[in-house]
Amino acid sequence: MVLVYASGTRLVNASSTRVVIVGGGLAGLATATALAAEQVPVLLVESRPRWGGRASSFFDHVSQEWIDNCQHVAMGCCTNFRQFCTRTGLDGCFRTEPALYFVAPEGRIHRCAAGPWPAPFHLAGAFARFSFLSGSDKRALAYGLWALARGTAADPHESMAQWLNRHHQPPRVVRYFWQVILVSALSESLERMAVAAARQVIVQGFLAHRRAWEVWLPAVPLEELYGGRLTQWLSARGVEMRLLAAAEGVEIDDGLVQGVRLKSGEVVRGSHYVLAVPWHRAAALFPPVWQSHSVLANLDRLESSPISSVHLWFDRPVLSLPHAVFVEGLCQWVFQRPVVSPQTPSHAGRHYLQVVISASRGVRERTAEDVLQQVLSELSAVWPAVKGAGLTHWRLVTEQRAVFAPLPAADAWRPPQQSPWPNLQFAGDWTRTGWPATMEGAVRSGYLAAENILRQLGRDTRVLQPDLPTTGLARSLLGLRS
Numbered sequence: 080m081v082l083v084y085a086s087g088t089r090l091v092n093a094s095s096t097r098v099v100i101v102g103g104g105l106a107g108l109a110t111a112t113a114l115a116a117e118q119v120p121v122l123l124v125e126s127r128p129r130w131g132g133r134a135s136s137f138f139d140h141v142s143q144e145w146i147d148n149c150q151h152v153a154m155g156c157c158t159n160f161r162q163f164c165t166r167t168g169l170d171g172c173f174r175t176e177p178a179l180y181f182v183a184p185e186g187r188i189h190r191c192a193a194g195p196w197p198a199p200f201h202l203a204g205a206f207a208r209f210s211f212l213s214g215s216d217k218r219a220l221a222y223g224l225w226a227l228a229r230g231t232a233a234d235p236h237e238s239m240a241q242w243l244n245r246h247h248q249p250p251r252v253v254r255y256f257w258q259v260i261l262v263s264a265l266s267e268s269l270e271r272m273a274v275a276a277a278r279q280v281i282v283q284g285f286l287a288h289r290r291a292w293e294v295w296l297p298a299v300p301l302e303e304l305y306g307g308r309l310t311q312w313l314s315a316r317g318v319e320m321r322l323l324a325a326a327e328g329v330e331i332d333d334g335l336v337q338g339v340r341l342k343s344g345e346v347v348r349g350s351h352y353v354l355a356v357p358w359h360r361a362a363a364l365f366p367p368v369w370q371s372h373s374v375l376a377n378l379d380r381l382e383s384s385p386i387s388s389v390h391l392w393f394d395r396p397v398l399s400l401p402h403a404v405f406v407e408g409l410c411q412w413v414f415q416r417p418v419v420s421p422q423t424p425s426h427a428g429r430h431y432l433q434v435v436i437s438a439s440r441g442v443r444e445r446t447a448e449d450v451l452q453q454v455l456s457e458l459s460a461v462w463p464a465v466k467g468a469g470l471t472h473w474r475l476v477t478e479q480r481a482v483f484a485p486l487p488a489a490d491a492w493r494p495p496q497q498s499p500w501p502n503l504q505f506a507g508d509w510t511r512t513g514w515p516a517t518m519e520g521a522v523r524s525g526y527l528a529a530e531n532i533l534r535q536l537g538r539d540t541r542v543l544q545p546d547l548p549t550t551g552l553a554r555s556l557l558g559l560r561s
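All you need for the numbering used here is the position in the sequence shown, starting with 1, plus 79.
The structure is reproduced here in structure tokens:
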């Protein structure tokens, strides 16, 4: 098949259209769903034995259940991820939490939920009741939130820690608010965090819309979502899906991608291609002559950040809440996970918790047993039932390259979805989405890649979903755009 591209890279001869997507993570899956909805033929290949990429599960042979490598959380502001789930019928597998629970340093639990006021004041009452911040702390925090929301010309090389210092945020406010929220959301220290990424979290997640903060949690393992229900949805729409099909190289000739060579020796071909692999694997798939191209070379400048999760199985209930955010300590967030198969005898009497530790570089320097003991100590200080319960099973899981680090100026190294080769798109949360490394960013990248392909096919189809509308009061007070 000969492909002829006119100006604007529109495909003229589209009689043999097929899109080859390399990578079955969330970005690749989102691209496939968007194209399948438009009845575009798709081949999706994935090197691993399961779908979902970093948002996936593994089978624990002791508990005899699928467990997620890490608890994944979406929010009300994640409009594209939520539409992706609604489109594919996955939305029924999530639950919306009506409140967030914060554990103060002294152990007191604060329930945080929206009050009756419009955004940006809907959470003001909850923040005002935080016992771990003084009155002057809260006034300084209010100023910091206002300044961050209105700031549009921050130095791209300034870290969030420097910004907080420049805006006179007291140490307690930094430690008990900014660090708690931002490190958990972005998995990076304040000293290495870009101001733009922090602003995205605060503005889009907490200030612009009164429902943006709501937490959306999967009620089933991610394996059931992406390996079960989504696979069925895609297969029913003609998407060819192949696991254990690792890509070895991208074949380029005459300025276009001509095929993708698999490690099996097979070359898969299409009219369009989407590279939806992790950023640290992308450049190596190209011929050496192209690896020095600035778009690919810049990917080497992106750094990664680890996330650890401690999985705990107890012989009795120990947690009185569905989840809790720790304001201080090694534990950052604890989730009470539903037992996957309560009717199975092996699950009788088991109660499963997952503790998440973002930006967990320090965990790598400690033994797993040492981490476990500190986690149990912090949990039992809040819930004494932990001390009396039997720990029947546990494991520590660390994803070393869980996310790309949102460093100052890192956005300049993120490529657009349209690659330098007209019939090749990039997809991944590491591409230029306007969002940090999140499930929302991954889906956005896939939707943008699909839009580009559809445009080349002569279809002006809008795939990307709009953000939640910013309220008039938030626009007026914070200078936000609608």
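For every residue, glycine included, the Cβ atom is placed at its ideal position computed from N, Cα and C.
- Straight across, the Cα-Cα distance linking Val476 with Ser387 is about 6 Å.
- Contact check for Val389 against Val465 fails: the beta carbons are separated by 8 Å or more.
- In the same chain as Gly186, and ignoring 5 residues on each side of it, the C-beta atoms closer than 8 Å to its own belong to Ala460, Val461, in chain order.
- Here Phe173 really is in contact with Leu296; their C-beta atoms are around 6 Å apart, less than 8 Å.
- In this structure, Leu458 and Val522 do not form a Cβ contact; the two beta carbons are roughly 33 Å apart against a cut-off of 8 Å.
- The shortest C-alpha to C-alpha distance from His430 to any of Ala403, Val442, Phe393, Leu451 is the one to Phe393.
- At a Cβ-Cβ threshold of 8 Å, Ala273 and Pro487 count as neighbours.
- Of the residues assessed, Glu530 falls on the buried side of the cut-off, its CB having 16 or more other CB atoms within 10 angstroms.
- Counting along the chain, no alpha helix (DSSP H) covers Trp145; the unbroken beta strand (DSSP E) around it starts and ends at 144-147.
- Under the criterion of beta carbons closer than 8 Å, Arg316 and Ala506 do not qualify as touching, at roughly 19 Å.
- DSSP assignment within the segment 447-503 yields the following whole alpha helix (DSSP H) runs of 4 residues or more, N-terminal first: 447-461, 464-467.
- The three-state reading of DSSP puts Val442 in helix, counting H, G and I together.
- Runs of the beta strand (DSSP E) lying entirely within the segment 342-379 and spanning at least 3 residues, in chain order: 351-354.
- Each residue's CA atom was taken as its position, placing Phe365 and Ala468 some 53 Å apart.
- Here DSSP, grouped into helix, strand and coil, assigns Met272 to coil.
- Per the C-alpha coordinates, the member of Leu341, Glu319, Asp333, Val318 positioned closest to Ala325 is Leu341.
- For the options Glu382, Arg321, Val374, Gly171, the alpha carbon positioned closest to that of Gln504 is the one of Val374.
- By DSSP's assignment, Arg174 forms a beta bridge with Leu296.
- The DSSP-derived three-state label of Gly306 is helix.
- Contact between His288 and Thr550 holds, with the beta-carbon distance rounding to 7 Å and staying under 8 Å.
- Between the alpha carbons of Glu330 and Val99 lies a distance of about 13 Å.
- By the neighbour-count criterion, in which a residue is buried when 16 or more other Cβ atoms sit within 10 angstroms of its Cβ, Gln452 is exposed.
- Three or more beta-carbon pairs drawn from the segment 162-173 and the segment 298-306 are found closer than 8 Å, and the two stretches are therefore classed as touching.
- Secondary structure at Pro385: strand, using DSSP grouped into helix, strand and coil.
- In this structure Ser266 touches Ser384 by the C-beta definition: roughly 5 Å separates them, less than 8 Å.
- Counted as a single uninterrupted DSSP element, the alpha helix (DSSP H) harbouring Val262 occupies residues 258-265.
- In this structure, the straight-line span from the alpha carbon of Ala228 to that of Trp242 is close to 13 Å.
- When the beta-carbon positions are compared, Tyr305 and Trp130 come within less than 8 Å of each other.
- Looking at the backbone, the Cα of Cys191 and that of Phe206 are separated by about 7 Å.
- Contact check for Val339 against Val347 passes: the beta carbons are separated by less than 8 Å.
- In the three-state reduction of the DSSP assignment, Val141 falls in the coil class, being assigned neither a helical nor a strand state.
- Residue pairing by DSSP places Arg321 opposite Val124 in a beta bridge.
- In the three-state reduction of the DSSP assignment, Phe414 falls in the strand class, which pools E and B.
- Taking C-alpha positions only, Val368 is separated from Val435 by approximately 42 Å.
- In the DSSP assignment, Val397 falls outside any beta strand (DSSP E) and carries neither an H nor an E.
- Collapsing the DSSP output to three states places Val119 in coil.
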